[in-house]
Structures are given as C-alpha cells and as structure tokens.
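Student: First, the structure itself, so that you have it in front of you.
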Amino acid sequence: MKETLRYLAGVAGPSGYGSKTTAEQVTEHCSFLVPSHDLTAIITGATSGIGTETARVLAKRGVRIIIPARDLKKAAEVKESIRKESPEAEIILLELDLSSFASIKRFCSQFLSLGLPLNILINNAGKFSQKLEFSEDKIEMTFATNYLGHFLLTEMLLEKMVETAAQIGIQGRIINVSSVVHSWVKRDAFCFSQMLNPKNYNGTRAYAQSKLANVLHVKELARQLKARNAKVTINAVHPGIVKTGIIRDHKGFITDSVFFIASKLLKSTSQGASTTCYVALSPEIEGLSGKYFADCNESCCSGLANDESEAQKLWRQTQALIYRRLRQPAV
Ligand SMILES: NC(=O)c1ccc[n+]([C@@H]2O[C@H](COP(=O)([O-])OP(=O)(O)OC[C@H]3O[C@@H](n4cnc5c(N)ncnc54)[C@H](OP(=O)(O)O)[C@@H]3O)[C@@H](O)[C@H]2O)c1
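Numbering follows the working numbering, with no gaps: position 3 of the sequence shown is 3.
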C-alpha cells in the first residue's frame with residue numbers, strides 16, 4: 001500500500017528519481033559526467049513505444065544509435081523524427097527479426113563489419129501474443145522473440161562489448177527490459193521444453209515466462225562477467241505500465257474494467273523510458289550488475305528470479321538449444 005502511494009505520488013527514491021521522472025530528466029546531467037558523445041548503443045524495439053523514446057533521448061545526449069528493425073521503413077521514420085530534434089544525431093538502421101536465429105546472425109555480422117565500438121546494448125523489443133504462434137525456428141513466438149532472440153544477440157555481441165570497454169576504459173552496459181509481470185510465474189510453470197512448445201498456451205503466462213527468463217539471463221550473465229573480470233555490466237528493468245503497442249493490442253491481457261484501475265497507474269512513454277535511460281547512462285550505478293530496477297531505483301525481483309541455480313539451469317538449456325539449432329544446415 002505504502003509502495004503504491006509512493007508510486008502514485010511519484011515520490012523520489014534513493015537515486016533522487018521516482019515513477020514520474022522522465023527519460024530527459026534522468027539523463028540531463030549524464031552527458032557532463034560520461035562522455036556520451038563517444039558512446040554507441042544498440043536499442044532493439046526502437047521502432048515503437050518505450051524503445052523509440054529511449055533512442056530519442058540517448059541520441060539527444062549524443063550517443064550514436066543503432067536501430068535494428070524488422071520494418072526498415074518504420075525505422076527510417078523514427079530516424080527522421082529524431083534527426084528533426086537532434087540534427088547531429090548519428091543513427092544507423094539495420095534489419096533484424098529477433099524471432100529468427102538466422103536474422104540475428106545476419107544482423108550481428110553486418111554490425112560487426114562496420115567496425116564500430118559497442119558500449120550499450122538495450123534488449124528492449126517485446127511481444128505479447130494472444131494466439132499460439134511459432135517462429136521460423138519452430139519455437140513459441142513470445143519466448144523466441146523476448147528471450148531467446150535477445151540471448152543470442154547478447155552472446156554474439158558480448159566480445160565486442162568486452163573489447164570496447166577494455167580499449168576505452170568505459171564500462172559497457174547491457175540492459176534487459178523485463179516486466180514486473182515476471183513475478184507472476186510459479187516454479188512449476190517454468191519448464192524449458194514447455195516454453196518452447198506449450199501444450200496449453202496462455203498468452204499472459206507465455207509473456208510472464210519470457211520476462212522471468214530475461215531477469216534470469218541477467219543474473220547468470222552478471223555472474224559470468226564478474227568471474228572473468230570484464231568491464232561490462234548487465235541489469236534488468238521494469239519500465240512501468242505504459243500504453244504502448246504491447247498494451248493496446250491486448251484486450252484480455254488488461255480487460256476494460258481492470259484497465260480503468262490500471263489507467264491510474266499508467267506512465268507516459270517518457271516516464272516509461274526513464275529507468276532504461278538511467279541504467280544506461282547514470283554514473284551513479286557504475287559497477288552495479290545483476291540487479292533489477294524500477295522507477296529509476298534498484299528494486300526487488302521475485303524469489304524465483306533470484307534463484308541462482310534456476311538461472312544456471314536456464315542458461316545451460318538455452319545454450320544447448322541455440323548451438324544445436326545453429327549447427328543445423330538451413331533448409
Ligand atoms: N508497455 C508496458 O506497459 C510495458 C510494461 C512492462 C514491460 N514492457 C516491456 O517494454 C518493452 C518495450 O515495449 P513497448 O511497451 O514499447 O511495446 P511496443 O510499443 O509494442 O514496442 C515493441 C517493439 O518491439 C519490436 N519487436 C517486436 N517483435 C520483434 C521482432 N520479432 N524483431 C524485432 N523487433 C520486434 C517492435 O517492432 P515493430 O515496430 O516492427 O512491431 C517494437 O519496436 C518490451 O520488452 C515490453 O515487454 C512494457
């Protein structure tokens with residue numbers, strides 16, 4: 001109750017920011033503290049909603065932005081609107097469908113061939129599907145897009161991030177955009193083979209499972225990065241509830257009656273992008289890794305999301321699946 005009132009009132013937490021802080025406010029002084037003009041960020045899902053706002057604000061702070069998109073026309077419109085506000089912004093568009101392993105491989109080899117550094121990777125794209133759909137790799141679409149796609153993307157870009165951080169001495173940052181909904185998943189409903197090919201599909205459950213997997217990915221990769229002393233961190237964020245495409249598309253996820261109540265909790269898109277931008281640029285969180293943030297402050301994730309053995313198990317299962325599939329010849 002106290003937390004809800006704090007949220008509604010936008011009371012600032014220990015970081016000095018709260019639920020009502022916008023992405024612009026949270027990055028206002030960052031450009032003076034980190035040389036953001038030297039930074040390059042990849043932001044998935046930047047053709048809409050929270051991702052577009054994240055790209056706009058980071059570009060305004062001087063960060064070079066790579067927008068991977070499955071619809072390059074839509075991405076070109078986003079680029080144009082950002083350049084109207086920030087004519088100096090450097091924005092590169094490349095094709096990527098996160099639900100396809102082949103497309104991720106193509107994107108990574110295109111990006112790496114540009115010879116650019118990589119400081120920030122924002123795994124923001126997200127999908128909610130009411131109906132059971134399968135990716136071209138024959139994996140349930142929500143899990144394939146939200147979790148497996150970002151896992152493979154991160155794997156393929158990680159060495160570039162480690163190398164960039166070592167060369168220029170600025171910590172690399174990976175951000176997984178998760179959701180508070182990750183905490184709805186019960187342990188017995190988190191089974192890898194079922195998530196790949198569910199028997200009784202439920203869209204809300206599939207979405208929540210993928211968002212839990214995003215946090216477990218953070219936990220295990222943070223552990224591995226610390227163990228190898230890499231100057232790269234990874235954290236998860238919950239952006240808040242924002243009326244973007246992902247919400248608008250789902251009657252049933254939030255029904256009309258619940259929506260009325262939920263509307264009191266809605267954030268603007270710029271408030272929704274603030275936690276991501278804070279974790280991407282703030283010098284205050286330098287060195288923090290494996291954490292979960294909400295309303296621009298470190299927060300608590302569920303017990304299951306904090307379970308190290310669950311995170312390691314999911315990692316092993318994911319790697320085995322991805323590398324088995326990548327070795328298969330294309331048909
Ligand atoms: N909105 C909320 O209340 C809320 C709450 C908690 C967490 N989140 C999380 O916040 C993130 C951003 O969501 P949003 O609210 O901004 O949603 P959104 O407006 O629907 O944007 C989703 C983005 O993901 C991209 N995307 C979807 N499938 C893709 C694929 N296969 N390959 C490449 N890109 C793909 C979309 O591209 P297209 O333009 O091509 O469709 C779009 O750019 C998501 O991870 C979501 O789970 C949102």
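All C-beta atoms, glycine included, are put in the ideal place defined by N, C-alpha and C. Predicted model, so just to flag it, every value in this text is computed and none were measured.
May I have the straight-line CA-CA distance separating GLU310 from LEU266, to the nearest angstrom?
Tutor: Going by the C-alpha atoms only, they are around 32 Å apart.
Student: Determine, using beta carbons only, whether ARG56 and ILE92 come nearer to each other than 8 Å.
Tutor: For ARG56 and ILE92, no; Cβs fall outside 8 Å.
Student: Return the chain-ordered list of same chain residues with a C-beta closer than 7 Å to the C-beta of ASP71, the five sequence neighbours on each side being excluded.
Tutor: Here the set comprises THR47.
Student: Does ligand 1 have a heavy atom nearer than 7 Å to the CB of THR204?
Tutor: Incorrect: THR204 has no Cβ contact closer than 7 Å to ligand 1.
Student: Where does PHE128 sit, in a helix, a strand or coil, going by DSSP?
Tutor: It is coil, neither helix nor strand.
Student: Is the number of C-beta pairs between the region 213-225 and the region 273-287 that are closer than 8 Å three or more?
Tutor: Counting Cβ pairs under 8 Å, fewer than three are found: no touch.
Student: Verify the contact flag: ASN124, CB atom, against every heavy atom of ligand 1, threshold strictly below 7 Å.
Tutor: Answer for ASN124: yes, Cβ within range of ligand 1.
Student: Are the region 186-194 and the region 150-169 touching, with three or more C-beta to C-beta distances below 8 Å?
Tutor: No: fewer than three Cβ pairs fall under 8 Å.
Student: Starting from ALA41, follow the beta strand (DSSP E) in both directions and report where the run begins and ends.
Tutor: Segment 40-43, the beta strand (DSSP E) holding ALA41.
Student: For PRO239, count neighbouring C-beta atoms within 10 Å of its own C-beta (all shown protein chains included) and say buried if the count is 16 or more, exposed if not.
Tutor: So PRO239 ends up on the buried side.
Student: Hey, ALA144 and SER99: beta-carbon distance below 8 Å or not?
Tutor: Yes, they are a contact pair.
Student: Between ILE285 and ALA23, what straight-line distance do the alpha-carbon atoms span, to the nearest angstrom?
Tutor: Distance between the alpha carbons of ILE285 and ALA23 is about 16 Å.
Student: Figure out for me which residue from ASN202, VAL78 and ALA320 has the closest Cα to the Cα of PRO87.
Tutor: If we check each option's Cα against that of PRO87, VAL78 comes out closest.
Student: Among the residues of its own chain, which have a CB less than 7 Å from the CB of LYS291, if the five just before and after it don't count?
Tutor: Only ASN235 and GLU298 meet the Cβ criterion.
Student: Do you know whose CA, among THR164, ALA75, GLU133 and TYR17, lies nearest ASN119's CA?
Tutor: Of the candidates THR164, ALA75, GLU133 and TYR17, the one whose C-alpha sits nearest the C-alpha of ASN119 is THR164.
Student: Under the three-state reduction of DSSP, which class applies to VAL162: helix, strand or coil?
Tutor: In the structure shown, VAL162 sits in a helix (DSSP, three-state: H, G or I).
Student: Please name the residue or residues paired with PHE134 in a DSSP beta bridge.
Tutor: Its beta-bridge partners are GLU140.
Student: For the region 133-147 against the region 37-46, do three or more pairs of beta-carbon atoms, one drawn from each stretch, fall closer than 8 Å, so that the two count as touching?
Tutor: Verdict: no, contact absent.
Student: Find out if the Cβ-Cβ distance for the pair THR204, ILE50 is shorter than 8 Å.
Tutor: Going by C-beta atoms, THR204 is not nearer than 8 Å to ILE50.
Student: Which term fits LYS167, buried or exposed, when burial requires 16 or more other beta carbons within 10 angstroms of its beta carbon?
Tutor: Residue 167 is actually Gln in this sequence, not Lys. With fewer than 16 other Cβ atoms within 10 Å, it is exposed.
Student: In terms of alpha-carbon separation, which member of ALA89, ASP307 and LYS74 lies closest to GLU220?
Tutor: If we check each option's Cα against that of GLU220, ASP307 comes out closest.
Student: What's the C-alpha gap between LYS313 and PRO283?
Tutor: About 33 Å.
Student: So, under 8 Å CB-CB, ASN124 and THR44 are touching, yes? Tell me the CB distance rounded to an integer number of Å.
Tutor: Sure, about 5 Å apart at Cβ, within 8 Å.
Student: Just mark TYR147 as buried or exposed, buried being the case when its beta carbon has 16 or more other beta carbons within 10 Å.
Tutor: Buried.
Student: Beta strand (DSSP E) containing GLU284: first to last residue?
Tutor: Looking at the DSSP string, GLU284 is not in any beta strand (DSSP E), and its letter there is neither H nor E.
Student: Measuring only the C-alpha atoms, how far is CYS187 from TYR207?
Tutor: Checking the sequence shown, residue 187 turns out to be Arg, not Cys. Looking at the two C-alpha atoms, the distance is approximately 15 Å.
Student: So does ALA46 have its beta carbon nearer than 7 Å to some heavy atom of ligand 1?
Tutor: Yes, Cβ of ALA46 sits closer than 7 Å to a heavy atom of ligand 1.
Student: Relative to the C-alpha of ALA69, which residue among ALA89, GLU53, GLU90 and LEU96 is closest?
Tutor: Of the listed residues, the one whose Cα sits closest to ALA69 is LEU96.
Student: So ALA213 is in the alpha helix (DSSP H); what residue range does that whole segment cover?
Tutor: Run containing ALA213: 203-227, per the alpha helix (DSSP H) assignment.
Student: For THR27, name the three-state secondary structure that DSSP assigns.
Tutor: Of the three classes helix, strand and coil, the one that applies to THR27 here is helix, per DSSP.
Student: What are the residues that DSSP puts in a beta bridge with ASN297?
Tutor: Answer is ALA294.
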